[in-house]
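J.: In our numbering, the protein residues as written are 95 to 383. Positions of the beta carbon are idealized from the N, C-alpha and C atoms, including for glycine. Keep in mind the model is a prediction, meaning the values are calculated, not measured.
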């Protein structure tokens, strides 16, 4: 029996469906490009301000693609202590992140493997992360004045550790829960100690999650502003507070702000690229059963 060719109406309906599908796909791409442009435009504008001359920054109409590029703003930022503030920020964020990951991983492993405090304890620990900073700033000031830690890096390290630790414990506990207990029990049968099982078995298996947690702790410590501007004055000023110095009574130094912003963004951007593989694996750990 010969097969009947499709009717004209059927072919028209199929073509219409394909066109609608293609139109929806094109509109999704257009919306994605539009949203990406909205998010990237401020970054682009800050970057071109860092390389513009003073006249080009205040030109009217604005110069969207500058041709007369200059490194003068970077020279002024570096000459006015920008690299020192960048180093202080790196010290604060790096120290707080390392301490948060080390202490948080031990606490998270204990909560994941042992029944301590009931099921509500992890949520109680996480709730400490949502404490308003303004509610604890005065106790911090009193303690740091007594210890003579005001305007020092160790003051900010303690503050960042206080706020990073609850988040690190809660997040890494979920990663340790995804590791089968049988793997560690086999190590214990072979003569490994509980601490050795954590160090040699559990921690390497949860390393993507640990790295992801460390990245988020580092970003919070790097971009934090409220405690930084309250607890520092001149000697331990991080880069986030250093940028504010370019807002003065006589005007705003947009070129220096752009240059300092690029210096501030670059380390975090490089770190994210370096740990991208671990970051993606850590964020998807346990998503597929």
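Check the DSSP bridge columns for residue 346 and list the partner residues they point to.
T.: Partner(s): 341.
J.: Assuming the contact rule is C-beta atoms closer than 8 Å, residue 150 and residue 160 should be a hit. Round their C-beta distance to whole Å, please.
T.: That belief holds up - the Cβ atoms of residue 150 and residue 160 are roughly 6 Å apart, short of 8 Å.
J.: Using 10 angstroms around the beta-carbon of residue 276, count the other beta-carbons present and answer buried if the total reaches 16, otherwise exposed.
T.: With fewer than 16 Cβ atoms within 10 Å of its Cβ, residue 276 is classed as exposed.
J.: Contact between the segment 173–193 and the segment 350–364: three or more CB pairs below 8 Å?
T.: Flag = yes, the segment 173–193 and the segment 350–364 touch.
J.: Indicate the three-state DSSP secondary structure (helix, strand or coil) for residue 242 in the structure shown.
T.: It is coil, neither helix nor strand.
J.: Tell me which residues share the same chain as residue 292 and place their Cβ nearer than 7 Å to its Cβ, disregarding the 5 neighbours each side in the sequence.
T.: Counting only Cβ-Cβ distances below 7 Å, and skipping sequence neighbours, we find 203.
J.: In whole angstroms, what separates the C-alpha of residue 304 from that of residue 193?
T.: Whole-angstrom Cα-Cα distance: 12 Å.
J.: Are three or more beta carbon pairs between the segment 255–268 and the segment 340–358 nearer than 8 Å?
T.: No: fewer than three Cβ pairs fall under 8 Å.
J.: Would you mind working out which of 245, 111, 214 sits nearest residue 54, comparing C-alpha positions?
T.: Residue 54 lies beyond the range of the chain shown here (95 to 383); nothing can be said about it.
J.: What did DSSP end up calling residue 131 once you bin it into helix, strand or coil?
T.: Of the three classes helix, strand and coil, the one that applies to residue 131 here is helix, per DSSP.
J.: Roughly how many angstroms lie between the CA atoms of residue 106 and residue 123, to the nearest whole one?
T.: Spanning the two alpha carbons is a distance of roughly 26 Å.
J.: Does the segment 156–176 come close enough to the segment 140–147 that 3 or more CB-CB pairs lie under 8 Å?
T.: The answer is yes - the segment 156–176 touches the segment 140–147, with three or more Cβ pairs under 8 Å.
J.: With a floor of 3 residues, list each beta strand (DSSP E) that falls wholly inside the segment 273–325, ordered by position along the chain.
T.: The qualifying runs do not exist here; there are none.
J.: Is DSSP giving residue 148 helix, strand or coil here?
T.: Helix, per DSSP.
J.: DSSP three-state call for residue 258: helix, strand or coil?
T.: The answer is helix: DSSP assigns residue 258 an H, G or I state.
J.: Got a sec, what are the start and stop residues for the alpha helix (DSSP H) residue 167 sits in?
T.: Where residue 167 is concerned, the enclosing alpha helix (DSSP H) stretches over 166–173.
J.: Suppose you measure from the CA of residue 219 to the CA of residue 153; what does that come to, to the nearest Å?
T.: About 52 Å.
J.: So what does DSSP say about residue 154, is it helix, strand or coil?
T.: Of the three classes helix, strand and coil, the one that applies to residue 154 here is coil, per DSSP.
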